[in-house]
Amino acid sequence: MRARVHAWMRRRQGADVLPVTLERRRLYILPTGAGVAFGLLLFLMLTAGLNYGNSLALFLTFSLSAFALVAMQQCHRNLLGIAVIAAAAPAVFARTTGAVHLTLANPASLPRARVEAAVADMAAVAVDLPAHERRRLELPLPAPTRGIVRIDRLRLATAHPFGLFRAWTWVHTPIEMMIYPRPHGALPMPAHGGHKSGARSRGGSDADEWLGLRPFRDGDSPRQVDWKAYAREAPLLIKEYSPAGSELHLFDFAQLTHLDTEARLSQLARWVVEAEAHGERYAVALPGVLLPADRGPEHRHRCLAALAVFGIDDGLKYGGGASGR
Amino acid sequence: MAAAPQAADGEALRSLAWACAAFAGGVLLNLDRVPPWTAATALLLIASRLTAERSGARLPGTLARALLALGVVAVVLWRFHTLNGLAAGTALLMLMSALKLLETRARRDEFVMVGAGLFLLLAACLDRQSLVRVPLYALQVWLCCSALAVVASAGCEGRAALRLAGRSLLFALPLAVLLFVFFPRLPGAFWAIPRGGQALTGLSDTMSPGSIVKLVASYDPAFRVQFAGRAPPAEELYWRGPVLHDFDGHTWRRASGAFHLRQRLQYLGTPYRYRVALEPTRQRWWFALDTPAQSSDTNALLTYDNQLLGAEPLTEPLSFDAVSYTRTRALEPLGAFGRQQDTTLPPGANPRSVALAQTLRQRGGSDADFVQATLEYLRSGGFLYTLTPEALGADPVDDFLFDTRAGFCGHYASAFVTLMRAAQVPAHVVTGYLGGEWNPIGDYFLVRQSDAHAWAEVWLEGRGWTRIDPTAVVEPERLRRGVFDLLPDALATRERLLRGSAWLTRALQRWDAANAWWSDHVVKFDYSAQLDLLGRFGIRSPDARYLGWAFMLALLGWLAIIAWHIGRSARPAAPDALARAYTRLCRKLARIGAPRAPHQGPLSFAQAVTAHRPDLSDRVQPLLARYAQLRYEPAVPQSRNADIEEFRRAVARLSLPRAVRG
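Protein chains in written order, with this note's numbering: chain A, 1 to 325; chain B, 326 to 987.
As structure tokens, then:
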């Protein structure tokens, strides 16, 4: 039933491209539990007033009914005209809590109070929006396992000011949150691509630094081919060496034979994080994927993202109904 | 980090305190209607709950609460003998809600407390509708709505909540009035719930020496009268209440179960048309001027002794129209039963009075002469009109006539009727009110409890029942002036002060006129008044359907107004001249195939345009840069408007050629 209602709303509104201003036709409003109880109270009052022909009781009933209608309008307008400026979810590590960073703006002169934002049907975060201001809020999003969380809608709601009505709307904007594998594992960081017996000679001025692997090209010396990788059914790769001095690592999935897949990804993630923290260059090799040696935040993200989605076709989904994993 | 939980605690305490305040307000409004122990228990529970919240003490467990609840029901049953009825229901609601407070932990429970506050307000409204309480009721509504705001969003400060609720209620007021006027009423009740039979001040249906004196000390209004034409002179303002026929030597009572046909009367003199607005008395009789000829009201019965009797005891204020005459003549002789009823005296009681009557009667002449002789006896007998007569013994009439010779209207009426009956002249006591205070603001007479009076009616052959007021013989001024003018000691100090100043008297009259208006136009606004009002708007057909239509139209109109008014402030501010010019520029660029993406600022947009149409770069780039400068750099106040105007003109002049296809 809920899913069908959502599907209907989705069809009705269509997909949203931020920024979105909340218009009348996309706002929904219904009485809350307290509102329903208040309605019952009003009905009782009306019955008593009519039965006794008691004018004061009737006037009280009508005042409170009119008050409830005003409350409904106020609740509706508390959401009306708010602009959803941006929504994004930065990547996080598994087993932590991520967040959707949502920017809301109030372009009108009316201050908004207690606007609640939530991811799909999860717990809401409330924010006050003064006139002509914008606020950024973080909606917590659990990140239990690695992968991609796909959110297809955000909910904005408010029960302000009297809690008798709740106005809400759905913003159908796709948001993806990348969840990196949890950096975990006690193994020491491999140097020179983990080739313990490899041609690594520290400090030698003529010695080359391991740079990474690249696909084989015609004219490459067979001495430079990574035969070990080839033996593991990897494509024919060339080990590149740079002449200069900074540290360089190859974090190779295949090297960690004694661990299971998740533990291997965790270990690789940890190495990536540490290497990046130390300003070292690193490459990551996964079956079918090779990320050449580099460093910097973008490289780090590329590496960790590759680890995150390794072996996963579709990510986790919040609010889409079906959940992927 | 430590501040956050503290703030949350403060908010929890605040919302609980507001919910408690709403409930306590409801309790206080009902303070005079429920037994003191009920209200005291409720207030005590509120106080202890708040203390527990502050100190973080534990609340009683489920078992203790269940036992307490059972105990409360038992006590209410024991004290009231019922759970039905307004008083018992109110007491029960009060106590159960106070107990509910002990388990208030969630926001939902606090909503329940506010609801209880509103319910108690309803109970108070059902019982008391006087104008003086209306501000209290309004305050309670305001308090409850503010409490809703605080409970709904815990961060809401008290002052903000009061402002919010106050504004919302002001918005709601016009609709409330419309609803009140147009919401279809019922002509009757669906079911009756027993109401408390609490006695109110007012005339009772018995009269013993001193019973009226107690009444006279009360300054409360009894009823108000508005005459359609000329009002009768002050000495004719006899308002008939219970007519008392049976006398046991001490107390006068109404005739028990006797039923007679009313005599045909010839009405003499001016007919007086008037409208009486009665205060609730919990009695059946309605007060009318001397001899009512008819009442348009079908709910009242005109009895053989010219009383108006309502079908039900008066629990709500009531108005009725009537026509009265102050002089009548009977067209039929007094029936044997009526004569016997009104000449009966208790055997052996008041022997000296009986002897006196017979002496006076033997002087000869008609019954009318005998009446005159008796009045002459009272006039010349050294009788004193006082509010504080001495106590009377076993034969009160004898004691009064021969020993104390001091009394109030009840004494004189009682003694006079006894003397008449002793001489076989039919007579009875009439109780009611005499006079009334003219209120020039509301154009009506206000009759107070202190105007209570007792007089006599005597049957005279050829004339029928004739009003005789023996008190007027002793104290003729009583006819024109109120008791307080004659006997200032009758008043409590407060009232004496009030009457002492002309300004205060005037203010009191204004206040009473407001009360009368309130009672007439608001409290008694019922089905017929509603149809009446619609008739004034031109809707003549007495059809409830029209009420429904009027109601719907009013509702929709109000909703439209409110939606417009409230929605106005939610709209984004109108774009300024600069923004309008910028929008125009963007539109022009979009037309040549370079639309601005929503995320692009003016400078990145300029780059995009340059990439798209390098040939336009030198014309578009400066404009976009100028816009960024005007919009984001600190403004130079004096030249800003001129700069914007210049920018607008530049945008207007700009014409962009479409790309040449090639």
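We treat Cβ as the ideally placed atom computed from N, Cα and C, and that holds for glycine.
Along the region 271 to 286 of chain A, there is no position whose C-beta sits under 9 Å from a C-beta of chain B. When DSSP states are grouped into helix, strand and coil, Val359/B belongs to the coil group. Distance from the CA of Pro90/A to the CA of His101/A, rounded to the nearest whole angstrom, comes to 8 Å. Using a Cβ-Cβ distance cut-off of 8 Å, the region 590 to 609 of chain B and the region 639 to 658 of chain B are in contact, since at least three pairs of beta carbons, one from each stretch, lie closer than that value. Interface flag for Arg150/A against chain B is unset, since no Cβ pair is found closer than 8 Å. Taking the Cα of Ala832/B as reference, the smallest distance to any Cα among Pro765/B, Cys734/B, Trp577/B is reached at Pro765/B.
A residue is called buried when at least 16 other Cβ atoms come within 10 angstroms of its Cβ; Leu418/B meets this threshold and is buried.
Take Arg686/B, set aside five residues on each side of it, and the residues of its chain with a beta-carbon closer than 7 Å to its own are Phe695, Ala748, in chain order.
Across the structure, Ala344/B and Leu164/A are spaced so that their CA atoms are roughly 15 Å apart. For Gln454/B, the residues of chain A that pass the 9 Å Cβ criterion are Asn54, Ser55, Leu56, Ala57, in the order they occur in the chain. For Leu27/A, the closest C-alpha among the options Met9/A, Ala229/A, Ile151/A is that of Met9/A. DSSP, read as helix, strand or coil, puts Tyr852/B in helix.
For Phe62/A, the nearest beta carbon of chain B is closer than 8 Å to its own beta carbon. Counting C-beta pairs with one atom in each stretch, the region 445 to 453 of chain B and the region 390 to 408 of chain B have fewer than three that are closer than 8 Å, which means they do not touch. The straight-line gap separating the alpha-carbon atoms of Gly673/B and Pro751/B is approximately 19 Å. Taken in chain order, the complete alpha helix (DSSP H) segments of 4 residues or longer contained in the region 29 to 69 of chain A are 33 to 52.
Thr640/B and Asp530/B have their C-alpha atoms some 17 Å from each other.
In the three-state scheme derived from DSSP, where H, G and I count as helix and E and B as strand, Pro801/B is classed as helix. In summary, the residues of the region 152 to 174 of chain A whose CB is separated from some CB of chain B by less than 9 Å are Ala159, His160, Pro161, Phe162, Gly163, Leu164, in the order they occur in the chain. The region 784 to 792 of chain B makes no contact with the region 844 to 862 of chain B; the number of CB pairs closer than 8 Å stays below 3. Rounded to the nearest angstrom, the Cβ distance from Ala919/B to Val976/B is 15 Å, too far for a contact under 8 Å. Tyr180/A counts as buried, since no fewer than 16 other beta carbons sit within 10 angstroms of its beta carbon. If you look at Glu657/B, you'll find it isn't in any beta strand (DSSP E); DSSP assigns it neither H nor E. Burial check for Phe348/B: the Cβ neighbour count within 10 Å reaches 16 or more, so the residue is buried.
When DSSP states are grouped into helix, strand and coil, His778/B belongs to the strand group. Residue environment for Ser691/B: exposed (fewer than 16 other C-beta atoms within 10 angstroms of its C-beta). With a threshold of 16 other beta carbon atoms within 10 Å, Leu60/A meets it and is buried. With 16 or more other Cβ atoms inside 10 Å of its own Cβ, Met178/A counts as buried.
For Phe727/B, there is no enclosing alpha helix (DSSP H), as DSSP marks it with neither H nor E. Of the candidates Phe572/B, Val506/B, Gln591/B, the residue whose Cα lies closest to the Cα of Ala854/B is Val506/B.
Taking C-beta atoms as the reference points, Phe552/B and Tyr597/B count as a pair closer than 8 Å. Pairing Ile238/A with Lys228/A, the inter-Cα distance amounts to about 11 Å.
In the structure shown, Ser471/B falls within a helical segment according to DSSP collapsed to helix, strand and coil.
Per the coordinates, the alpha-carbon of Arg2/A lies some 53 Å from the alpha-carbon of Phe972/B. In summary, the residues of the region 111 to 129 of chain A whose CB is separated from some CB of chain B by less than 9 Å are Arg112, Ala113, Arg114, Ala126, Asp128, in the order they occur in the chain.
Phe43/A is outside the set of residues whose beta carbon lies under 8 Å from a beta carbon in chain B.
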